[in-house]
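Just so we're aligned, residue 1 is where the sequence shown starts under UniProt numbering, counting upward by one.
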Amino acid sequence: MAEVTRTWSCMCGSFEAKVTGDPALACWCHCHSCRKQTGAAMQLGVWSDVEIIKGGDDLIGFEKTPGSGVVRNSCAKCGSFCYKILPSGKVAPLGALEGGPTVKPTCHIFVADKGDQDVMFPELPQHDAFP
């Protein structure tokens with residue numbers, strides 16, 4: 001069986017990327033930074049090998065804590081969040097994948113940061129940091 005390739009782009013189309021195969025991890029992140037970045041109670045991300053198709057030079061990288069190795073990359077033209085670099089790999093925004101999310105999350109991370117209003121998917125394992 002052939003591996004599935006999923007693509008996504010920013011809102012203006014300047015940036016495009018793809019991931020192939022199953023992600024190493026797909027989870028809901030409740031950390032303060034992801035909530036600030038998305039404006040939502042949590043962000044759904046997949047840890048995978050991100051291959052940039054176009055627009056890599058059109059990104060603005062933001063490292064909240066210098067030297068942490070965590071860099072959030074956004075399109076310089078439209079501001080869309082494109083992907084995140086972590087010491088453990090790259091994270092693609094699952095909600096931005098063409099055709100919508102096709103991978104089911106398997107856990108929650110940084111649950112100590114989640115707000116009281118956040119009760120989605122209580123049946124999934126919950127971790128205080130990366131598993």
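Where a beta carbon is used, it is the ideal one built from N, C-alpha and C, also for glycine. From a predicted model like this one, the values you see are computed outputs, not experimental measurements.
Burial is judged here by how many other beta carbons sit within 10 angstroms of a residue's own beta carbon; K104 has fewer than 16 and is exposed.
Nearest C-alpha to A96 among I52, P122, C82, N73: C82.
A straight line joining the alpha-carbon of Q126 with that of R35 spans about 17 Å. Around the beta carbon of G45, 16 or more other beta carbons sit within 10 angstroms, so the residue counts as buried.
Take the alpha-carbon of E51 and the one of W8: they are about 11 Å apart. Judged by DSSP secondary structure, H30 falls outside any alpha helix (DSSP H); it is assigned neither H nor E. For the pair E16 and I53, the CB atoms are nearer than the 8 Å cut-off. V91 sits away from D49, with the two beta carbons spaced by 8 Å or more. Sorting E3, Q37, C29, C12 by C-alpha distance to the C-alpha of G21 places E3 at the top.
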